[in-house]
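The structure appears below as C-alpha cells.
Residue numbers (our numbering): 1331 to 1483.
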C-alpha cells in the first residue's frame, strides 16, 4: 500500500537494521502517527529559493527561466548587446547558467540535475569560445550575485 501524506513531515524513522516504521506529523494539528513501512520516498518540496538572485529572470513561482523558456520580453538589454539567444541552461543574464530543481521545467530529480549540469558545461564551453566575452569584473552582475550568496551562508 502507498500512502501519500501532504502538509506533513516525517519526524522519526524506526527499525533495527532496516526501516520498520515512520512517524508522520501533520503540520496543522501537530498530531504524530506511526506508520508501518519498509520503504520511504520523501519529496521535500518544490518551492525554489531564488530571492537572492533578483537580477535573474524567473517565472511566477520563482523558478529560473533558461534557454528557450525565456521569452523576448525577458531577454532585456544584455541580450540585445549579445546579439544571440540564450543557450540551453543559460539564464536571462548572458554567461550565467542554472540547472536542477531551481530551473523552470526541470524534472526535480537528482539524476536529472546531474545530467543538466553536464549539459550546461557544453553551453558554458560555447560561451567561453565566443568572440564576444562577458567580463565578470568588479561591479558586475556576477559580483552582486556572489556577494548575495555569501551573505546567506
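Backbone N, C-alpha and C fix where the C-beta goes; we use that ideal spot for every residue, glycine too.
With contacts defined as CB atoms closer than 8 Å, residue 1351 and residue 1341 fail to qualify as a contacting pair. Per DSSP, reduced to three states, the secondary structure at residue 1451 is helical.
In this structure, 1339 is the residue among 1339, 1407, 1447 and 1439 with its C-alpha nearest to the C-alpha of residue 1361. Considering only 1388, 1427 and 1397, the residue with the shortest C-alpha distance to residue 1414 is 1397. By the Cβ-count criterion, residue 1343 is exposed, with fewer than 16 other Cβ atoms from all chains shown falling within 10 Å of its own Cβ. Taking a contact to require three or more Cβ pairs closer than 8 Å, the stretch 1432-1446 and the stretch 1454-1463 do not qualify as touching. By the C-beta density criterion, residue 1349 is exposed, having fewer than 16 other C-beta atoms within 10 angstroms. For the options 1367, 1441 and 1345, the alpha carbon positioned closest to that of residue 1331 is the one of 1367. A direct Cα-to-Cα measurement between residue 1407 and residue 1451 gives close to 25 Å. Going by DSSP, residue 1403 is part of the alpha helix (DSSP H) stretching over 1402-1412.
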